[in-house]
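Asker: In our numbering, each number is its position in the sequence shown, counted from 1, plus 127.
Just so you know, even glycine gets a beta-carbon here, dropped at the ideal spot from N, CA and C.
Just so it is clear, the structure is predicted and the values come from calculations on it, not from any experiment.
Dropping a structure here in C-alpha cells format, bear with me for questions.
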Amino acid sequence: MPNALVAAAIFGLAQIASAQTAFYDAPESLLAGAPGTLVRQEPMDGAPLGASTYRVLYRSTGLNGRPIFVSGVVIVPQGAPPSGGRPIVAWAHPTSGIVPRCAPSLAIFLFQQIQGLRSMVSRGFVVAATDYPGLGTPGPHPYLVGESEGRAVIDIVRAARALPRAGEGKDFAVWGHSQGGQAALFAGMLANAYAPELRLLGVAAAAPATDLAKLMSDDINSIGGKNITAMTLWSWHRVYGAAIDSVIDPRAMRAIDRLAQECIEGPFDLIVRQRTGRPLEQYFLTVQDPTKTEPWRSLLEQNSTGVLSPEIPIFLAQGTNDEIIQPAVTQAYMDKLCKAGSKVRMVKLPGIGHARAAQASTMAAVNWMTDRFAGKTPPDDCVR
C-alpha cells in the first residue's frame, strides 16, 4: 500500500477519534422521562438541499430495561411540514466501530454515509440516523445486540418528531445496511409493541446480519471475519459479562484491544484495520468453533433476527459477491419471512460485494419506501 494512502487512512482515523465533545455527556438527572424524549439538540452544517440538520441526544431503553442516552443526527427538509407531519426514514448505519468516538454523528463524511440522503430529503422525508447506544455516548457499545439497536432506531424517530418543521407524523420506515440491516429488522420486530403510537410502514435492509452464528462460522478464517468476531467478542464480554478468555488466545488480546479502538469511516480505515488485525492470523481462538461454545452460542441465537409481523412489508438487497454476508444466508432468511406470511421484495445485486450493497440498492430501496408512504400495495417476491 502506498505511504500516502496509509497516511490518509491514519489521518481519517485521527480526525474521527478527536471529534467527541461534551454534547454527548449528560447528567443522570435528565434520564427521567419516556423513551424517545429529545434531551438536547444542536445545529449542524453541510446537509444537502438546504435541509436543517441537528445533532441530537435522546432517551432510549438499555438492555437492562433502564433509561439510557443515545445520540444521532436528524435531517429535516426545508419548508413547512404537511398536515399530519412528514414521513420519517430511520437510517441504521453499518459498522463504524465499538467505542464512543466512532459515532457516525462525529464523522467527517456523515452525509455521504447515509445512503440515499439527498433523494430522501428531496421527497420531503425526515431522515433520523441513530448512532446506537455506546457510540457518541459512554460505552460499552452493544455491537450486534439487536434489541438495543432496534430500540435506538425507533426512539430517534420519536425524538425527530419534536424538532422544528419535522411535524408530528406517525408514519416511518427503516433503512439499514449490514449491522444496520440487523438493527432495521430488529426495529421491525419490536415496533408494534415498543412504539404503538407510531406506524411502521416498511423495513429495508441491505446485506443484513441475520443468522449471526452462520455469519461468524462462515467467515472465521478470513481477516474480515476475524475482525467482526473479535469486535463481537470484545463488546459482548463487556455488555453481557461473557468470559472472553474462554475462547480467545491471550496472545491475540493486544491486537483485539487495538482493533476495538479503531473507527471505520471509509475504505482507507478498512485497510488500516487489516494491518492491525494481521496478528490474528497467527493467534486467535482457543476453541474450534465459538458458535457452539456457551454462552456465545446462546447469545448469537438471541441476537439473530426473527420474523416480523406479516403486515410489515420488507425489502432485502443482497450482493452476489458478498463474502461477509453470504447470499445463501440472506436467501434463507427471506424464505423464513415468506413462510411466516411476510411480503418480501428481494433485489439481487450481480457482482456486488458487502461494502457496496446499500449504495447499489439505494434507489430501489428509496423508491420502495416512497411507495409504502404512498399506500401502494407492496410487491412480493415470495413463492407461495
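Is there contact between the segment 210-230 and the segment 270-285, where contact requires at least three CB pairs shorter than 8 Å?
Answerer: Verdict: yes, contact present.
Asker: Is any heavy atom of the ligand HEM found at a distance shorter than 6 Å from the C-beta of residue 438?
Answerer: For the ligand HEM, the structure offers nothing, since it holds no ligand at all.
Asker: Would you mind giving the Cβ-Cβ distance between residue 476 and residue 492, rounded to the nearest angstrom? I have them listed as a contact below 8 Å.
Answerer: Incorrect: roughly 11 Å between the Cβ atoms, too far for contact.
Asker: Hey, which unbroken runs of the alpha helix (DSSP H) at 4 residues or more fall wholly within the segment 230-313?
Answerer: Whole alpha helix (DSSP H) segments, 4+ residues: 237-240, 244-249 and 273-287.
Asker: Would you kindly work out how many angstroms separate the C-alpha atoms of residue 280 and residue 412, rounded to a whole number?
Answerer: Using only the alpha carbons, I get a separation of about 33 Å.
Asker: What residue does the alpha helix (DSSP H) around residue 362 start on, and which one ends it?
Answerer: From DSSP, the alpha helix (DSSP H) with residue 362 extends over 350-366.
Asker: Near residue 507, what residues of its chain come up, given a Cβ to Cβ distance below 6 Å and the 5 sequence neighbours on each side ignored?
Answerer: Hits under 6 Å: 470.
Asker: With a threshold of 6 Å on Cβ separation, who are the neighbours of residue 146 within its own chain once the five nearest residues in sequence on each side are excluded?
Answerer: In this predicted model, residue 146 has a pLDDT of only 38, less than 50, meaning its place in the structure is not dependable; the value taken from the coordinates is given anyway. Same-chain partners within the cutoff: 233.
Asker: Taking C-alpha atoms, which residue in 197, 163 and 298 lies nearest to residue 151?
Answerer: Cα-wise, what sits closest to residue 151 is 197.
Asker: Measuring straight from C-alpha to C-alpha, what distance separates residue 359 and residue 217?
Answerer: Between residue 359 and residue 217, the C-alpha separation is close to 24 Å.
Asker: My output table needs one value for residue 441: the three-state DSSP class, helix, strand or coil.
Answerer: Strand.
Asker: Let's test the definition: count the other Cβ atoms within 10 Å of the Cβ of residue 128 and tell me whether it reaches 16, buried, or not, exposed.
Answerer: Confidence is the limiting factor: at residue 128 the pLDDT is only 33, short of 50, which leaves the residue's position unreliable and the question unanswerable from this model.
Asker: Flag this pair as yes or no: are the beta carbons of residue 334 and residue 416 separated by less than 7 Å?
Answerer: Against a cut-off of 7 Å, the Cβ pair of residue 416 and residue 334 comes out as no contact.
Asker: Once the 5 residues before and after residue 304 are set aside, which same chain residues still bring their CB inside 6 Å of it?
Answerer: Closer than 6 Å at Cβ, skipping near neighbours: 221, 333 and 485.
Asker: Which of the three DSSP states, helix, strand or coil, is assigned to residue 182?
Answerer: The answer is strand: DSSP assigns residue 182 an E or B state.
Asker: Suppose the cutoff is 7 Å on Cβ atoms and the five residues either side in sequence are ignored; what does the same chain contact list for residue 306 look like?
Answerer: Counting only Cβ-Cβ distances below 7 Å, and skipping sequence neighbours, we find 221, 222, 271 and 336.
Asker: Once you ignore the five residues that flank residue 264 on each side, which residues in its own chain have a CB closer than 7 Å to its CB?
Answerer: Closer than 7 Å at Cβ, skipping near neighbours: 151, 196, 197, 198 and 227.
Asker: Can you name the residues that DSSP bridges to residue 215?
Answerer: In DSSP, residue 215 forms a bridge with 253 and 299.
Asker: Determine the burial state of residue 494: buried for a count of at least 16 other Cβ atoms within 10 Å of its Cβ, exposed for fewer.
Answerer: When all chains shown are included, residue 494 counts as exposed.
Asker: Could you tell me which residues DSSP pairs with residue 194 in its beta bridges?
Answerer: Residue 194 is bridged to 188.
Asker: Tell whether a beta-carbon distance below 7 Å holds between residue 379 and residue 407.
Answerer: Going by C-beta atoms, residue 379 is nearer than 7 Å to residue 407.
Asker: Is the Cβ-Cβ distance between residue 256 and residue 200 less than 7 Å?
Answerer: Yes, they are a contact pair.
Asker: Can you list, in chain order, the residues of its chain with a C-beta nearer than 8 Å to that of residue 207? Leave out the 5 residues immediately preceding and following it.
Answerer: Cβ neighbours of residue 207 beyond the five flanking positions: 292.
Asker: Whole angstroms are fine: how far does the CA of residue 468 sit from the CA of residue 213?
Answerer: Spanning the two alpha carbons is a distance of roughly 29 Å.
Asker: I'd like the span of the alpha helix (DSSP H) that includes residue 168, first residue to last.
Answerer: Careful: residue 168 lies outside any alpha helix (DSSP H), inside the beta strand (DSSP E) at 165-171.
Asker: Which class does residue 225 belong to by DSSP, given the choice of helix, strand or coil?
Answerer: In this structure, residue 225 counts as coil in the three-state DSSP scheme.
Asker: Residue 505: which of 457, 438 and 249 sits nearest, CA to CA?
Answerer: Checking every option, the nearest Cα to that of residue 505 belongs to 438.
Asker: Does DSSP put residue 510 in a helix, a strand or coil?
Answerer: In the structure shown, residue 510 sits in coil (DSSP, three-state: anything other than H, G, I, E or B).
Asker: Ignoring anything shorter than 4 residues or poking outside the segment 397-481, list the alpha helix (DSSP H) runs there in chain order.
Answerer: With a minimum length of 4 residues, the continuous alpha helix (DSSP H) runs that stay inside the segment 397-481 are 423-429 and 454-466.
Asker: Please state whether DSSP places residue 315 in a helix, a strand or coil.
Answerer: Helix, per DSSP.
Asker: Can you have a look at residue 275 and say buried or exposed, based on whether 16 or more other CB atoms are within 10 angstroms of its CB?
Answerer: Buried, by the Cβ-count rule.
Asker: Identify the continuous beta strand (DSSP E) that holds residue 326 and give its terminal residues.
Answerer: Counting along the chain, the beta strand (DSSP E) containing residue 326 begins and ends at 326-333.
Asker: Could you check what DSSP says for residue 371 in three-state terms: helix, strand or coil?
Answerer: It is helical.
Asker: From 190, 447, 171 and 319, pick the residue whose C-alpha is nearest to that of residue 482; which is it?
Answerer: Closest by alpha carbon: 447.
Asker: Residue 199 by DSSP, collapsed to three states: which one?
Answerer: Note: residue 199 maps to strand in three-state DSSP.
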